[in-house]
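Have a look at the structure below, then the notes.
Protein chains: 2
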Amino acid sequence: MKSPEKISEAVVRRLPIYLRYLLQLQSREIHTVSSQDLGTRLNLNPAQIRKDLAYFGDFGRKGIGYEVDYLIDKIRQILKLDRTVNVALIGAGNLGRALCNYTAYQSDRMKIVAVFDASPAKTGETISTLIVQPMEELSTTIGLKEVRIGIIAVPSAEAQQVADQFVAAGVEAILNFAPIILKVPETVRVHYADFTTELLSLAYYLE
Amino acid sequence: MKSPEKISEAVVRRLPIYLRYLLQLQSREIHTVSSQDLGTRLNLNPAQIRKDLAYFGDFGRKGIGYEVDYLIDKIRQILKLDRTVNVALIGAGNLGRALCNYTAYQSDRMKIVAVFDASPAKTGETISTLIVQPMEELSTTIGLKEVRIGIIAVPSAEAQQVADQFVAAGVEAILNFAPIILKVPETVRVHYADFTTELLSLAYYLE
DNA sequence: TAGATTGTTAATCGATTAACAATC
DNA sequence: TAGATTGTTAATCGATTAACAATC
Chain A
0 MKSPEKISEA
10 VVRRLPIYLR
20 YLLQLQSREI
30 HTVSSQDLGT
40 RLNLNPAQIR
50 KDLAYFGDFG
60 RKGIGYEVDY
70 LIDKIRQILK
80 LDRTVNVALI
90 GAGNLGRALC
100 NYTAYQSDRM
110 KIVAVFDASP
120 AKTGETISTL
130 IVQPMEELST
140 TIGLKEVRIG
150 IIAVPSAEAQ
160 QVADQFVAAG
170 VEAILNFAPI
180 ILKVPETVRV
190 HYADFTTELL
200 SLAYYLE
Chain B
0 MKSPEKISEA
10 VVRRLPIYLR
20 YLLQLQSREI
30 HTVSSQDLGT
40 RLNLNPAQIR
50 KDLAYFGDFG
60 RKGIGYEVDY
70 LIDKIRQILK
80 LDRTVNVALI
90 GAGNLGRALC
100 NYTAYQSDRM
110 KIVAVFDASP
120 AKTGETISTL
130 IVQPMEELST
140 TIGLKEVRIG
150 IIAVPSAEAQ
160 QVADQFVAAG
170 VEAILNFAPI
180 ILKVPETVRV
190 HYADFTTELL
200 SLAYYLE
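Each protein sequence line maps, in turn, to chains A and B. For the record, in the first sequence the residue sitting at position 6 is 5 according to numbering that gives the first Met the number 0, with numbers rising by one throughout. For the record, in the second sequence the residue sitting at position 156 is 155 according to numbering that gives the first Met the number 0, with numbers rising by one throughout.
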């Protein structure tokens, strides 16, 4: 892996897209793929794909393309997904449930290992293999289970407060489903999963 | 509204973000806001906000800022949300449920008016005020209820097929939660709500 | 009038794409 | 060898930001 040189967010965000499609190819026992193929399938420019990958090393072979297994390994390394990363979720509503079940199969080395909810009505319930815990246990559990990423799936009104608790407990990154901008220290990375923006902006394109 | 000149996707995607914050200001009875205020709150550059809005007209007043009520009206017009837009959802799992409940309160003129699921075990169930219908009724219901946008909340393996049915039934736009690229006619706009990409890319930024 | 803030132009910055020598 | 495809440079394209005259 080359490294030095700052990688843009756009590039990093495409890596999981490559990874996902490569895993599909792997399961279909396809061993080699060209930037051309990838581009066609993922609606991306082949030059862009080659450039993205070349930031991290020479993974391809001229005249041949990329070896699927090898590239999967490499992208996992880049994304630090060569080991399992533990994730905690706050909010055991429908969305929280969906996320747990989703990462249960699908997970590519990201695993939800704890679920919390502020409502006593929810704590004690089971979601896939996990028991919903009360917020009081957040800090201890996060330390114990070495959780590094937190997911926020609570209503907007509670999101900031819940983020503060994640930060205090020492998580390094947050995925926020609530449609508000969180205030967190610079050292904590926040990504937003905001489907309302996507949905409302669709309306603009109606004939 | 000015119009002519093609508006970039980036601009359109910020409009709902402005709208959401403006609605918050409105509910707090704040009547005026500057691009400075908006920028601070939304982590955006004030010049960018002014430029975004100026594509569509002169909505502000020099020395004063933007009138909240007026700007809300204007953005709604731009997004074609001055009337309710009807939406249909396929997939009555946890994610589908979350989406229904979400748009039930929150909705800014976007309303889910029908839910479908392929599984007989799900059809007949109630989600908020809606009854889950079998796929056979898709086409008729979409015509009847004047549905213009479809949401896909089914597993990846079924997503393309479900998209085809939406297209055949005449929806104009699709929001896809399944992490695959859909093939649809150019006339149909597709947005992707892919939280796995956001989650996996977070790992890259772990210390 | 003085202070604030817009709309807009020009400058900057960054990301995407085209093109091609290198080479399998 | 001929064909395919990479890695990379240079060209293009587009988006963001700074700056400021206009004006409330």
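Note that the Cβ used here is the ideal one computed from N, Cα and C, for glycine as well. In this text the structure is predicted, and so the values were computed from the model without any measurement.
Per-residue burial, A/Q35 [other beta carbons within 10 Å of its own, 16 or more giving buried]: Flag for A/Q35 reads exposed.
With 16 as the cutoff for other CB atoms within 10 Å, does A/T83 come out buried or exposed? Burial call: exposed.
Of the choices A/D107, A/V161, A/V67, A/E171, whose alpha-carbon is the least far from that of A/P184? The shortest C-alpha separation from A/P184 is found at A/E171.
If B/D193 and B/P178 are in contact, beta carbons under 8 Å, what's the gap, nearest whole angstrom? With 8 Å as the limit, B/D193 and B/P178 qualify as a contact, their Cβ atoms being about 5 Å apart.
Within 8 Å (strictly less), CB to CB, does A/H208 reach chain B? Outside the displayed span of chain A (0 to 206) sits residue 208 of chain A, for which this structure offers no information.
Chain A partners of B/P15, CB-CB under 7 Å? Residues of chain A passing the Cβ test: T195, T196, L199, S200.
Contact list for the segment 80 to 98 of chain B against chain A, Cβ threshold 9 Å: Taking 9 Å as the Cβ-Cβ cut-off against chain A, the residues of the segment 80 to 98 of chain B that qualify are L80, V84, V86, G92, N93, L94, G95, R96, A97, L98.
Using a C-beta to C-beta distance shorter than 7 Å, which residues of chain B count as neighbours of A/V11? Residues of chain B passing the Cβ test: S200, Y203.
Along chain A, which residues have their Cβ under 9 Å away from the Cβ of B/A172? Result: L201, A202, Y204, L205.
Where DSSP assigns a beta bridge to B/I111, which residues make up the other side? According to DSSP, which records beta bridges pairwise, B/I111 is partnered with B/V86.
Starting from B/L41, find everything on chain A with Cβ-Cβ shorter than 7 Å and list it in chain order. Those within 7 Å of B/L41 in chain A are I180.
Close-in-space but distant-in-sequence residues of the same chain around B/T31 (CB under 8 Å, 5 per side omitted): The residues are I63, G64, Y65, E66, V67.
Below 8 Å between beta carbons is the criterion; list the residues of the segment 68 to 80 of chain A that meet it against any residue of chain B, in chain order. Taking 8 Å as the Cβ-Cβ cut-off, the segment 68 to 80 of chain A approaches chain B at I77, L78, K79, L80, given in chain order.
Spell out whether any CB of chain B is found under 8 Å from the CB atom of A/A168. A/A168 does not count as touching chain B.
Could you say if the segment 86 to 98 of chain B and the segment 90 to 103 of chain A meet the contact criterion of at least three C-beta pairs nearer than 8 Å? Three or more beta-carbon pairs separated by less than 8 Å link the segment 86 to 98 of chain B to the segment 90 to 103 of chain A, which places the two stretches in contact.
Nearest-angstrom Cα distance between A/L205 and B/Q25? Rounded to the nearest angstrom, the two C-alpha atoms are 27 Å apart.
Identify the residues that DSSP records as bridge partners of A/T31: which are they? DSSP, once it has assigned bridges, lists A/E66 as partnering A/T31.
Continuous alpha helix (DSSP H) stretch holding B/V187: start and end: Where B/V187 is concerned, there is no enclosing alpha helix (DSSP H), because DSSP gives it neither an H nor an E.
Can you name the residues of chain B whose CB is closer than 7 Å to the CB of A/I148? Chain-order list of chain B residues neighbouring A/I148: L201, by C-beta distance under 7 Å.
Classify A/T128 as helix, strand or coil using the three-state DSSP reduction. Correct three-state label for A/T128: coil.
Give the interface partners of A/M109 over in chain B, defined as CB-CB distance under 8 Å, in chain order. From the beta-carbon of A/M109, the residues of chain B found nearer than 8 Å are L198, L199, A202.
Of all the CB atoms in chain B, is at least one closer than 8 Å to the CB of A/N44? With 8 Å as the cut-off, A/N44 does not count as an interface residue toward chain B.
Mind checking B/T128: buried by the 16 CB within 10 Å criterion, or exposed? The residue is exposed, with fewer than 16 neighbouring Cβ atoms inside 10 Å.
A/L41 versus B/V187 - alpha carbon distance: Each residue's Cα considered, the two are about 17 Å apart.
Going straight from the alpha carbon of A/I126 to that of A/A97, what length do you get? Looking at the backbone, the Cα of A/I126 and that of A/A97 are separated by about 10 Å.
What do you get for A/A156, buried or exposed, if any count of 16 or more other CB atoms within 10 angstroms of its CB means buried? Exposure of A/A156 is indicated by the presence of fewer than 16 other C-beta atoms within 10 angstroms of its C-beta.
Interface residues of chain A around B/A192 at Cβ under 7 Å? Neighbours of B/A192 in chain A, taken as residues at a C-beta separation under 7 Å, are given in chain order as F194, E197.
Would the beta-carbon of B/V86 fall within 8 Å of that of B/I150? Their beta carbons are under 8 Å apart, which means B/V86 touches B/I150 by this criterion.
So that I know if they touch, is there some Cβ in chain A lying closer than 8 Å to that of B/R19? Output row for B/R19: interface = yes.
Under the assumption that A/I148 contacts A/L181 (Cβ atoms under 8 Å), give the Cβ distance between them as a whole number of angstroms. The pair is not a contact, with the Cβ atoms about 14 Å apart (cut-off 8 Å).
What is the rounded straight-line gap between the Cα of A/A202 and the Cα of B/F176? A/A202 and B/F176: Cα-Cα distance of roughly 17 Å.
Helix, strand or coil for A/I6? Go by DSSP, reduced to three states. Coil, per DSSP.
For B/V146, which of helix, strand or coil comes out of DSSP? Of the three classes helix, strand and coil, the one that applies to B/V146 here is strand, per DSSP.
Counting Cβ pairs, one atom from each stretch, are 3 or more of them under 8 Å apart for the segment 72 to 79 of chain A and the segment 136 to 145 of chain A? These segments do not touch.
Cα-Cα separation, A/D57 to A/L70: Cα to Cα, the separation comes out at about 10 Å.
DSSP bridge partner residues for A/L174 (one or two, in chain order): DSSP links A/L174 through a beta bridge to A/I150, A/H190.
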